[in-house]
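All remarks here apply to the structure that follows.
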């Protein structure tokens, strides 16, 4: 595959390069009381539902088949001695639980808004807990659709009822992060699930403002004119919008479900050191701070999140994106804070036919865990994605289990 960033269907961050290093931050001072206890060792896998990447295997399966597939994934997590799963339950301004503020996900039945006849999130929570697994609910805050036609949305879709909330960009439709009413709505949509289900975590990935596309502009002119006063630049205003979403969601999750933890899985490069001395010594074409308007380092330092899972999706020794440099930078970033660091691992790249020799080696991921052991700030690893945990095409996951997970451990 011709991409280096996170998921093929999920990311669209093709060809982004990153390496790492950096200075240790000062201790975070959130002032929000004691932190929730982190897992002693977090061993998790992502289960992606968008485009039927992992689950369900295809749209339109009947309820019993969907449930059986989900249970098999949970059983695989147990067999691999993992202790948590991160299930995507709001992939695109939709829902995988009944009575939500948005329509049923099309990835269940093939038709957005059509009732699948069961409660996927409720079942996932119950079945995960029955197996001793944590269930973290994975939400995408702003993606509306992988197309730009509002008429293709369910008739009662909030984005269809409020077309001024959306922006078309790169052949996709997004909620506009610059509108306070949008920020309030997407929080309510996600918190509906948090309030009703005993989820162990609330999880976001790397999508805030969309990944930049050359020659296209994200059209938020009207929102900036109305709400951007007092900011030195549009970039500062956009970062403030994302900061507000993270800070407010953190506070509300803590109030609604204190035992749940709030985590984010960003693209692994905050800023390049040639732009900012606090950044990593990378040559990345995209930086979360400057291009996604996501100040991930600030969220750690301010204590707005409970854990961070940078997507360190490069091999040890990559010439411009060395795993062995990124992990130390992130370890230094969380040092002295109460934020747990889990490393996102590119199991999807482990392939006997990979053009990269390292990814043909079934021992590559095991080497990652061996390396990370030297950094006490690294409290676990998360594998993308579930279908590779099941299939394990070159034996990399089996090697990780044999070398590093000799016994099961409780999530916390």
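Numbering (this note's numbering), first residue to last: 231 to 642. In this text, a Cβ means the ideal position worked out from N, Cα and C, and glycines have one as well.
Going by DSSP, residue 415 is part of the alpha helix (DSSP H) stretching over 410 to 426.
Around the CB of residue 400, fewer than 16 other CB atoms lie within 10 Å, so the residue is classed as exposed.
Our two residues, residue 277 and residue 299, have alpha carbons roughly 11 Å apart in a direct line.
Annotated as proximal: residue 367 and residue 429, with beta-carbon spacing under 7 Å.
Residue 309 has no beta-bridge partner at all, per DSSP. Collapsing the DSSP output to three states places residue 432 in a strand. With a beta-carbon spacing of about 6 Å, residue 373 and residue 437 fall inside the 8 Å limit used to define contacts. Secondary structure of residue 389 (DSSP, three-state): helix.
The residue among 275, 293, 334 with its C-alpha nearest the C-alpha of residue 305 is 275. Taking every protein chain shown into account, the CB of residue 615 has 16 or more other CB atoms within 10 angstroms, so this residue is buried.
Annotation: the continuous alpha helix (DSSP H) that includes residue 529 extends over 526 to 532.
Counting C-beta atoms within 10 angstroms of its own C-beta, residue 408 has 16 or more neighbours from the protein chains shown and is therefore classed as buried.
Among the bridge pairs identified by DSSP, residue 275 is matched with 315, 613. C-alpha of residue 458 to C-alpha of residue 478: approximately 19 Å in a straight line.
A distance of 7 Å or more separates the beta carbons of residue 424 and residue 416. In the structure shown, residue 359 falls within a helical segment according to DSSP collapsed to helix, strand and coil. Comparing C-alpha distances from residue 404 to each of 380, 420, 284 shows the shortest one belongs to 380. Taking C-alpha positions only, residue 593 is separated from residue 446 by approximately 41 Å.
A distance below 6 Å between beta-carbons, with the five flanking residues on each side excluded, links residue 641 to the following residues of its chain, in chain order: 269, 313, 314, 364. In the pairwise beta carbon analysis, the segment 506 to 523 is classified as touching the segment 550 to 557: at least three pairs are separated by under 8 Å. A distance below 7 Å separates the beta carbons of residue 537 and residue 493.
Look at residue 502 here: in three-state DSSP terms it is strand. Per DSSP, reduced to three states, the secondary structure at residue 535 is coil, with no helix or strand assignment. The Cβ-Cβ distance between residue 353 and residue 346 does not fall below 7 Å. By a beta-carbon distance limit of 8 Å, residue 369 contacts residue 420. Their separation comes to about 5 Å. DSSP places residue 518 inside the alpha helix (DSSP H), whose first and last residues are 518 to 521. Secondary-structure assignment with DSSP links residue 373 through a beta bridge to 404.
Inter-residue distance for residue 496 and residue 502 is about 15 Å (C-alpha atoms, whole angstroms). Its chain contains 401, 402, 403 as the residues whose beta carbon lies nearer than 8 Å to that of residue 377, once the 5 sequence neighbours on both sides are disregarded; these appear in chain order. Taking residue 328 as the centre and dropping the five residues before and after it, the same chain places the C-beta of 349 closer than 6 Å to its C-beta, in chain order. By the Cβ neighbour-count rule, residue 612 is buried, with 16 or more other Cβ atoms within 10 Å of its own. If you ignore the 5 residues before and after residue 301, its C-beta comes within less than 7 Å of the C-beta of 357, all in its own chain and listed in chain order.
Taking a cut-off of 8 Å on C-beta distances, the segment 579 to 590 does not touch the segment 630 to 637, as fewer than three cross pairs fall below it. Excluding its 5 nearest sequence neighbours in each direction, residue 464 has C-beta neighbours in its own chain below 7 Å: 454, 458, listed in chain order. Counting the other CB atoms within 10 Å of its CB gives residue 282 a total of 16 or more, which places it among the buried residues. Contact between residue 577 and residue 619 is confirmed by a C-beta separation of about 7 Å, below the 8 Å threshold.
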